[in-house]
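The listed protein sequences derive, respectively, from chains A and B.
Counting from 86, one number per residue, gives the positions in the first sequence under the working numbering.
Counting from 3, one number per residue, gives the positions in the second sequence under the working numbering.
Worksheet: one structure, shown below.
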Amino acid sequence: MSQAKAQDPAPHTREWTPRIVAFLCNWCSYAGADLAGTGRNQYPPSVRVIRVPCSGRINPIYIIKALVDGADGVMVSGCHPGDCHYLAGNFYARRRFTVLKRLLTTMGLSPDRVHFTWVSASEGARFAGVVREVTEKVAALGPSRIMKGGDMDEL
Amino acid sequence: MSFEKQRDEVAALCKKLLADGAVSRVVGFREGGVEGMSLPYIFTDPAGVDMLTWNSRCLPNLNGYLTGGEGNTAIVAKPCDARAVVALISEKQLRREDIHIIGLVCDGMVDANGDPLPACVECSVNCPPVYDDLIDDPDVAEKTGGEQVSNDTSLERFEAEIDKCILCFSCRQACYGCYCQTCFMDRGSPGWQPTVPGRGDKMLYHAGRTMHLAGRCVECGACENACASGVDIRYLIREVTNFVGELYDYRAGMDLDARPAMLSYAAGDREVGFLGGDGDGH
């Protein structure tokens with residue numbers, strides 16, 4: 086217990102922590118995030134949640150724009166395939182995200198900057214786990230340099 | 003080369019189509035562009051068809067000229083033009099019965115110096131997959147695969163290419179697939195593009211456009227031919243096109259009945275690169 090405590094960064098340090106934009110669908114993942122809070126599941130405060138009606142509503146440009154405007158990472162989560170509130174939104178989204186990730190890696194971006202997953206409304210613990218995993222992966226890459234007009238030396 | 007022979011056949015056919023009233027317009031090429039480039043031209047009069055040309059400098063993709071006008075339209079279509087027509091039909095932008103495709107077997111176009119264009123070197127389709135009339139060229143052997151191009155996916159390459167870009171949007175204008183009435187880059191609200199765009203904004207444009215064209219590119223190379231700055235950004239869409247073909251077994255413009263890959267789905271689609279996914283769906 087004391088060991089775990091020693092590893093925790095002290096509050097209010099100026100140490101860099103990743104800024105991650107999380108697009109969560111209204112019906113599953115946002116509720117899952119809510120449940121993580123209600124269930125007191127601990128996860129890093131690195132995500133900035135944007136609630137969208139459906140993962141199929143997420144325009145790939147939103148993800149690129151988030152990266153361009155300074156997000157260190159982007160995470161997208163929707164209902165599990167087959168459970169979409171709008172029946173098929175996440176099926177279309179799945180193809181889009183698969184292709185987008187390939188495109189971003191072709192551009193030279195690290196594959197660990199963007200993450201796609203499925204979290205249902207009952208998976209509060211899983212949401213916390215996903216955020217922990219994403220935060221670890223993005224933190225390992227360091228700050229993103231894809232800034233407006235800036236140089237992109239370290240993506 | 004038998005461009006002349008093909009040209010005479012096309013001209014005779016176009017004259018007949020126009021005289022019979024089968025079509026009211028023929029979209030083709032005439033001479034008169036800079037550096038020997040042929041110009042897109044809309045023929046409406048059988049007598050005017052004498053101006054029609056077909057040579058190794060017929061670069062532009064003609065699909066931008068198909069809409070509008072009364073009655074049916076015929077298009078003098080290279081294989082890539084024909085593929086674009088098919089793609090537009092499967093995207094419900096054109097109706098099959100309105101378009102008469104005069105397909106030409108094509109051995110590739112050349113640049114101002116007479117060198118084959120990169121897209122034509124890579125091209126693997128030299129016969130239109132769908133046509134109403136086919137103007138054959140016995141001298142052109144059937145292709146089975148184009149030249150393979152190595153894909154350097156380093157950030158340095160992307161930066162080098164993007165730094166040449168001046169965001170003039172010529173690639174967008176030349177592309178058959180960019181038919182949005184208002185491009186996201188031109189919108190004021192939300193304003194995707196700032197007054198003084200930087201590298202990140204160019205990245206937004208090129209990545210955004212490539213995503214819009216995912217699974218829709220007909221590999222005509224019009225974007226590259228139109229670029230005034232020599233940006234070779236086509237490797238992004240090439241990679242995406244190959245990826246979509248591999249994953250969803252779809253190639254744009256090859257089959258009138260196939261549903262575009264990004265407008266369809268399967269329950270067992272693979273989740274390549276997903277968190278916690280093994281890459282094989284579930």
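Backbone N, C-alpha and C fix where the C-beta goes; we use that ideal spot for every residue, glycine too.
Since we're looking at a predicted model, the values are computed, not measured.
- The Cβ atoms of PRO131/B and VAL88/B sit closer than 8 angstroms to each other.
- For ASP203/B, the enclosing alpha helix (DSSP H) covers residues 201 to 214.
- The beta carbon of VAL219/A lies closer than 7 angstroms to those of ILE105, GLY158, MET160 and HIS200 in the same chain, with the five residues before and after it left out.
- At a Cβ-Cβ threshold of 8 angstroms, PRO103/A and ALA213/A do not count as neighbours.
- Annotation: LEU54/B to VAL29/B spans about 10 angstroms, alpha carbon to alpha carbon.
- By DSSP's assignment, ARG180/A forms no beta bridge with any residue.
- The criterion of a C-beta distance shorter than 8 angstroms is not satisfied by ASP135/B and ILE168/B.
- Taking 8 angstroms as the cut-off, the beta carbon of CYS177/B is found no closer than this to the beta carbon of ALA254/B.
- In the three-state scheme derived from DSSP, where H, G and I count as helix and E and B as strand, ALA76/B is classed as strand.
- A distance of 8 angstroms or more separates the beta carbons of ILE231/A and GLY35/B.
- Cβ proximity to chain B below 7 angstroms picks out PRO145, ILE146, ILE149, LYS150 and VAL153 from the segment 123 to 153 of chain A.
- Annotation for ALA107/A: the continuous beta strand (DSSP E) segment containing it runs 105 to 110.
- The beta carbon of THR155/B falls within 8 angstroms of a beta carbon belonging to chain A, placing the residue at that interface.
- Judged by their CB atoms, ARG180/A and PRO166/A are not nearer to each other than the 8 angstroms cut-off.
- Ranking ARG211/A, VAL215/A and TRP203/A by CA distance to the CA of GLU273/B puts TRP203/A first.
- The segment 45 to 122 of chain B is shown to contain whole beta strand (DSSP E) runs of 3 or more residues at 75 to 79 and 101 to 106, in chain order.
- A check of alpha carbon separations from ASP139/B across ASP109/B, ASN153/B and GLU163/B identifies ASP109/B as the nearest.
- When only Cα atoms are considered, LEU109/A and PHE176/A end up about 15 angstroms apart.
- In this structure, DSSP gives PHE171/B a state outside helix and strand, which the three-state scheme calls coil.
- The beta-carbon of VAL233/B is placed no less than 8 angstroms from the nearest beta-carbon of chain A.
- Per the DSSP secondary-structure output, MET256/B pairs with nothing in a beta bridge.
- Neighbourhood of HIS200/A in chain B, by CB distance below 7 angstroms: LEU277, in chain order.
- Proximity to TYR237/B across LEU157/B, LEU64/B and LYS17/B peaks at LEU157/B, based on C-alpha coordinates.
- Contact between ARG59/B and ILE44/B is ruled out by a C-beta separation of about 19 angstroms, above the 8 angstroms threshold.
- Going by DSSP, ARG27/B is part of no alpha helix (DSSP H) but of the beta strand (DSSP E) stretching over 27 to 32.
- Annotation: the continuous alpha helix (DSSP H) that includes ARG240/B extends over 236 to 250.
- Burial check for TYR115/A: the Cβ neighbour count within 10 Å reaches 16 or more, so the residue is buried.
- Taken through DSSP and simplified to helix, strand or coil, TYR128/A comes out as coil.
- ARG159/B belongs to the set of residues whose beta carbon lies under 8 angstroms from a beta carbon in chain A.
- DSSP links TRP203/A through a beta bridge to GLY163/A.
- According to the DSSP assignment, LEU15/B belongs to no beta strand (DSSP E) but to the alpha helix (DSSP H) extending over 5 to 22.
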